[in-house]
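Residue numbers (this note's numbering): 86 to 255.
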Amino acid sequence: MDNLPSILTPDVGLLFWMLIAFLVVFCVLAKYGFPAIVNMVDSRKKYIDDSLRKAHEASERLDNIKQECESMLQETRGKQAQILKEATATRDAILEKAQEKAREESARLLSEAKAEIESEKQAAISDIRKQVAALSVEIAEKVLKQNLQGDKAQMDLIDRMLDDVSANSK
86 MDNLPSILTP DVGLLFWMLI AFLVVFCVLA KYGFPAIVNM VDSRKKYIDD SLRKAHEASE
146 RLDNIKQECE SMLQETRGKQ AQILKEATAT RDAILEKAQE KAREESARLL SEAKAEIESE
206 KQAAISDIRK QVAALSVEIA EKVLKQNLQG DKAQMDLIDR MLDDVSANSK
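This is the structure:
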């Protein structure tokens with residue numbers, strides 16, 4: 086077996102020193118290197134877990150905010166519908182009041198016009214009665230003053246007087 090190269094068949098002394106060097110490096114790594122690597126891996130795991138937890142919380146908050154927004158939107162739509170309904174009712178009430186007021190005003194104007202017409206009618210009738218009474222008294226005076234004989238003379242006098250009154254009134 087001596088023909089094999091020394092790399093494939095090392096000496097026992099070389100193996101011993103290689104083992105010692107390996108154990109020293111392993112102990113140094115075990116004491117200082119592995120804890121640092123484990124701490125870095127643990128801190129990275131904690132950071133990732135914390136990030137996942139925060140992402141989950143943010144997702145839940147986002148869902149809650151979406152639900153709140155949706156409920157606020159529904160509430161706002163309900164309020165909008167209520168306001169529109171109230172505005173329509175108010176408009177209808179105002180229109181009804183305006184129509185009622187217009188009806189009352191037209192009825193009042195109509196009754197005032199009727200009362201004024203009636204008043205003018207009564208005044209005209211009273212004036213006509215006064216004129217007829219005055220005319221009758223005047224005719225009677227003149228008839229009595231003249232002491233007329235016969236129907237023909239009386240009728241001529243009455244016609245003349247009526248013509249005089251008609252001419253005076255124009």
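Glycine included, every Cβ here is placed at the ideal spot set by N, Cα and C.
Note that the coordinates shown come from a computational prediction; the quantities given were computed from them, not determined experimentally.
Under a three-way DSSP split, which group does residue i fall into?
i      : result
Pro120 : helix
Asp134 : helix
Thr173 : helix
Asp248 : helix
Asp96  : coil
Could you tell me the alpha carbon to alpha carbon distance between residue i and residue j, rounded to whole angstroms?
i      : j      : result
Asp248 : Val217 : 14 angstroms
Asp177 : Arg162 : 22 angstroms
Lys116 : Glu145 : 43 angstroms
Leu137 : Met125 : 18 angstroms
Ala187 : Glu181 : 10 angstroms
Glu171 : Asp134 : 54 angstroms
Between residue i and residue j, which are expected to be in contact by the criterion C-beta below 8 angstroms, what is the C-beta distance as a whole number of angstroms?
i      : j      : result
Ile202 : Ile224 : Actually they do not touch by this definition, with Cβ atoms about 32 angstroms apart.
Return the chain-ordered list of same chain residues with a C-beta closer than 8 angstroms to the C-beta of residue i, the five sequence neighbours on each side being excluded.
i      : result
Met246 : Leu220, Glu223, Ile224 and Lys227
Leu100 : none
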